[in-house]
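Colleague: Dropping a structure here in structure tokens format, bear with me for questions.
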Amino acid sequence: MHIPEYSQIVSPLYLVTRKKNNFHWGPEQQQAFAQIKQEIAHAVALGPVRTGPEVKNVLFSAAGNNGLSWSLWQKLPGETRGRPLGFWS
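If you're matching positions, the sequence shown starts at 4 in this note's numbering and goes up one per residue.
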């Protein structure tokens, strides 16, 4: 499944799972947990590669203070969203 900006969303959860840190579940972790649950519930499954002249391949990329990310999508005529083929963040 594809969840855009996954690493940024869950970063507060990593803080409580590191061995060197004491476990403290605060509002930031609760918000991250609620957001990732919502994202998982609405995530699109990665699809098989489709071929043909009507298939449009779209590459999205972004760079910011939190790092780089990209996602590759395929879209057929009539589809509003397309299907993700791969991602990295």
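Ideal Cβ placement from N, Cα and C applies to all residues, glycine included.
Among Gln11, Leu16, Ser74 and Ile12, which has the Cα closest to the Cα of Val47?
Modeller: Nearest of Gln11, Leu16, Ser74 and Ile12 to Val47, Cα basis: Ser74.
Colleague: Taking C-alpha atoms, which residue in Phe26, Ala37 and Pro30 lies nearest to His1?
Modeller: One cannot answer for residue 1 here, as it falls past the ends of the chain, which runs 4 to 92.
Colleague: Of the residues Ser72, Val61 and Trp76, which one's Cα is nearest the Cα of Pro51?
Modeller: Ranking the options by Cα distance to Pro51, first place goes to Trp76.
Colleague: Please state the DSSP three-state secondary structure of Pro87.
Modeller: Of the three classes helix, strand and coil, the one that applies to Pro87 here is strand, per DSSP.
Colleague: Gln34: which of Pro56, Thr54 and Val13 sits nearest, CA to CA?
Modeller: It is Val13.
Colleague: Where does Leu16 sit, in a helix, a strand or coil, going by DSSP?
Modeller: Of the three classes helix, strand and coil, the one that applies to Leu16 here is helix, per DSSP.
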